[in-house]
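Novice: Please find one structure pasted underneath; my questions will follow.
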Amino acid sequence: MKKALSVIFILISAGLLSAGFIVFKRYNSNPLQIFPYPYEFQAQAPAIKLDSPILITGDRMGAYFAKFSPELAAVISADLAKPIKIQSLAKNGHALNRTLHVLRSLVQWPQILIYQGASEEFQELKFNPENANVIKKNFALYKDDRVETALILFPWLSKLVYSPHSRIKLEETPNLLVEISEENYLARLETELLLFEQQLIQLVNLSKDRNSLLILTTTPLNLDIAPKKVCSFSSTIDIEKDLSDINDQLTANNPKAAYTNSSKLVAMNAGNAQLYFTHGQILNRLGKIDEAKTAMLQATAYDCDPWRSTEVYNSIIRKVARDHQVILFDFSRLLENEWNKNITFFDELYPQNLYYDKGMKQLGLVIKQILKL
Numbered sequence: 102m103k104k105a106l107s108v109i110f111i112l113i114s115a116g117l118l119s120a121g122f123i124v125f126k127r128y129n130s131n132p133l134q135i136f137p138y139p140y141e142f143q144a145q146a147p148a149i150k151l152d153s154p155i156l157i158t159g160d161r162m163g164a165y166f167a168k169f170s171p172e173l174a175a176v177i178s179a180d181l182a183k184p185i186k187i188q189s190l191a192k193n194g195h196a197l198n199r200t201l202h203v204l205r206s207l208v209q210w211p212q213i214l215i216y217q218g219a220s221e222e223f224q225e226l227k228f229n230p231e232n233a234n235v236i237k238k239n240f241a242l243y244k245d246d247r248v249e250t251a252l253i254l255f256p257w258l259s260k261l262v263y264s265p266h267s268r269i270k271l272e273e274t275p276n277l278l279v280e281i282s283e284e285n286y287l288a289r290l291e292t293e294l295l296l297f298e299q300q301l302i303q304l305v306n307l308s309k310d311r312n313s314l315l316i317l318t319t320t321p322l323n324l325d326i327a328p329k330k331v332c333s334f335s336s337t338i339d340i341e342k343d344l345s346d347i348n349d350q351l352t353a354n355n356p357k358a359a360y361t362n363s364s365k366l367v368a369m370n371a372g373n374a375q376l377y378f379t380h381g382q383i384l385n386r387l388g389k390i391d392e393a394k395t396a397m398l399q400a401t402a403y404d405c406d407p408w409r410s411t412e413v414y415n416s417i418i419r420k421v422a423r424d425h426q427v428i429l430f431d432f433s434r435l436l437e438n439e440w441n442k443n444i445t446f447f448d449e450l451y452p453q454n455l456y457y458d459k460g461m462k463q464l465g466l467v468i469k470q471i472l473k474l
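In structure tokens:
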């Protein structure tokens with residue numbers, strides 16, 4: 102009997118020791134963080150002191166947007182004795198993770214914060230694709246209100262709650278990728294979209310905590326630019342042949358026959374970016390403008406080369422603005438409403454100046470109303 106009890110005691114002790122070691126290893130493998138970032142910055146961003154009540158932030162789209170801030174300031178300041186100042190921290194290569202990193206360094210947040218970006222989220226590797234499932238699991242935990250509350254009260258629990266994984270160490274200057282393969286793009290896609298949405302919600306929460314009024318803006322998309330790459334899984338020899346036949350029908354000025362064939366192809370083959378783009382061109386030729394815009398936007402979503410923002414990112418921005426009661430300036434819709442009427446873009450990324458001017462006027466009037474000027 103004593104021998105049996107000794108064996109049981111040894112087994113229990115071994116089990117407790119093993120469990121303790123696992124917990125200890127997990128605790129030491131995880132950083133202390135409420136939000137499960139799959140990356141970490143090697144250094145804190147330098148402290149920034151603003152000298153204006155309005156701040157524009159984001160990536161290259163935000164930096165270009167900021168070039169027209171004098172027009173925005175003029176609209177807001179129309180009835181003021183002293184023109185209002187607008188500052189920008191938007192920068193090329195700054196995906197949303199870097200935007201948040203810079204904003205945390207502000208000594209004092211602005212009265213109004215304008216975000217324009219979502220066009221360079223894939224340009225810097227900020228997580229290891231092989232950890233996608235673990236990252237997804239950690240976000241699922243974070244999105245549980247009970248877990249989030251517990252982590253806010255006891256941040257050290259994050260070292261036990263989250264599953265450990267290797268994290269990308271980010272330097273002060275972003276290391277932008279020259280080329281993104283289809284394999285890398287598809288391996289990252291779901292996690293990048295998840296991360297973007299959750300970081301956008303972080304931006305919303307930080308703005309509320311700092312008593313800063315956030316204005317989210319959608320990113321203009323040039324609908325006349327064909328997709329850069331068709332995902333290999335969405336294309337076959339038969340689809341390519343059918344697309345060639347459809348293009349021949351368009352060249353022969355027979356858009357109705359082309360529409361009949363493209364409609365069948367779209368119904369049977371989801372995910373082919375070039376097919377959606379061609380279908381949109383046909384719809385445009387037939388005067389079905391709203392349907393054409395929808396097809397063109399789908400073409401951006403299925404492009405296998407993440408060279409710009411897409412309708413998916415704009416949908417996320419609209420969703421977060423709606424769900425969290427944030428002011429939305431739908432810049433993309435403004436351009437889409439003008440599509441097929443005028444030349445809306447002067448290159449692949451940036452709209453014509455007159456649409457920035459028009460956008461700044463609309464946004465300025467909204468801000469005037471908010472500030473009661």
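Heads up, the sequence shown is in this note's numbering, so the first residue is 102 and it goes up one at a time. Yeah, the Cβ is synthetic: ideal placement off N, Cα and C, and Gly gets one too.
1) Once the 5 residues before and after Asn-154 are set aside, which same chain residues still bring their CB inside 8 Å of it?
2) Distance check for Ala-174 and Ser-313, CA to CA, integer angstroms please.
3) Quick one: is Gln-145 buried, meaning 16 or more other Cβ sit within 10 Å of its Cβ, or exposed?
4) Below 8 Å on the Cβ atoms is my contact criterion, and I expect Ile-177 with Ala-167 to pass it. Report the Cβ-Cβ distance as a whole number of Å.
5) Spell out the partners DSSP gives Gln-188 in its beta bridges.
6) Look at Ile-269 and Phe-228 and say whether their C-beta atoms are less than 8 Å apart.
7) Return the residue from the list Leu-201, Lys-342, Gly-372 that minimises the CA-CA distance to Asn-362.
8) Taking only the alpha-carbon atoms, compute the straight-line gap between Lys-238 and Leu-351 and give it to the nearest angstrom.
9) Which word fits Phe-255, buried or exposed, when buried means at least 16 other C-beta atoms lie within 10 angstroms of its C-beta?
10) Can you list, in chain order, the residues of its chain with a C-beta nearer than 8 Å to that of Ala-327? Leave out the 5 residues immediately preceding and following it.
11) If you draw a straight line from the C-alpha of Glu-222 to the C-alpha of Thr-320, how long is it?
12) Please report the distance separating the alpha-carbon of Leu-53 from that of Phe-240.
13) Return the chain-ordered ranges of every alpha helix (DSSP H) run that is complete within the stretch 322–377 and spans a minimum of 4 residues.
14) Would a C-beta distance cut-off of 8 Å place Gln-209 and Leu-277 closer than the cut-off?
15) Of the choices Gln-134, Trp-408, Leu-429, whose alpha-carbon is the least far from that of Asn-323?
16) Give me the Cα-Cα distance between Ala-396 and Glu-284, rounded to the nearest whole angstrom.
17) Under the rule that 16 or more other beta-carbon atoms within 10 Å means buried, what is Phe-122, buried or exposed?
18) Alpha carbon to alpha carbon, how far is Trp-257 from Phe-110? Give it in angstroms, no decimals.
19) Which whole-angstrom value describes the C-beta separation of Asp-160 and Gly-218, a residue pair presumed to lie in contact below a C-beta threshold of 8 Å?
20) When DSSP labels each residue in this structure, what does Asp-431 get in the three-state scheme?
21) Between the beta-carbon of Glu-291 and the beta-carbon of Ala-371, is there less than 8 Å?
22) Quick check on Arg-289: buried or exposed, where buried means 16 or more other Cβ atoms within 10 Å of its Cβ?
23) For Leu-344, count the other beta carbons within 10 Å of its own beta carbon; 16 or more makes it buried, fewer makes it exposed. Which is it?
24) May I have the straight-line CA-CA distance separating Thr-250 from Gly-381, to the nearest angstrom?
25) What's the call for Ser-433, buried or exposed, on a 16-neighbour Cβ count within 10 Å?
Specialist: So, from the listed chains and residues:
1) Residue identity check: residue 154 is Pro in the sequence provided, not Asn. Cβ within range, chain order: Ile-185, Lys-186, Pro-211, Gln-212, Ile-213.
2) 18 Å
3) exposed
4) Contact between Ile-177 and Ala-167 does not hold, since their C-beta atoms are separated by about 15 Å, which reaches or exceeds 8 Å.
5) Leu-156
6) yes
7) Lys-342
8) 48 Å
9) Counting C-beta atoms within 10 angstroms of its own C-beta, Phe-255 has fewer than 16 neighbours from the protein chains shown and is therefore classed as exposed.
10) Residues Gln-375, Phe-378, Ala-400 of the same chain have their beta carbon placed closer than 8 Å to that of Ala-327, with the five preceding and five following residues left out of the count.
11) 13 Å
12) The chain is shown from 102 up to 474; residue 53 falls before or after that span and cannot be answered.
13) 338–352, 356–369
14) no
15) In this structure, Trp-408 is the residue among Gln-134, Trp-408, Leu-429 with its C-alpha nearest to the C-alpha of Asn-323.
16) Answer to the nearest angstrom: the Cα atoms are 25 Å apart.
17) For Phe-122, the predicted model reports a pLDDT of 41, less than 50, meaning its position is unreliable; a value from the coordinates is still stated below. Label assigned to Phe-122: exposed.
18) Residue confidence for Phe-110 is low, a pLDDT of 49 falling below 50, so the modelled location carries little weight and cannot support an answer.
19) Contact flag correct, Cβ pair sits at about 4 Å.
20) Note: Asp-431 maps to coil in three-state DSSP.
21) no
22) buried
23) By the neighbour-count rule (16 or more Cβ atoms within 10 Å), Leu-344 is buried.
24) 47 Å
25) buried
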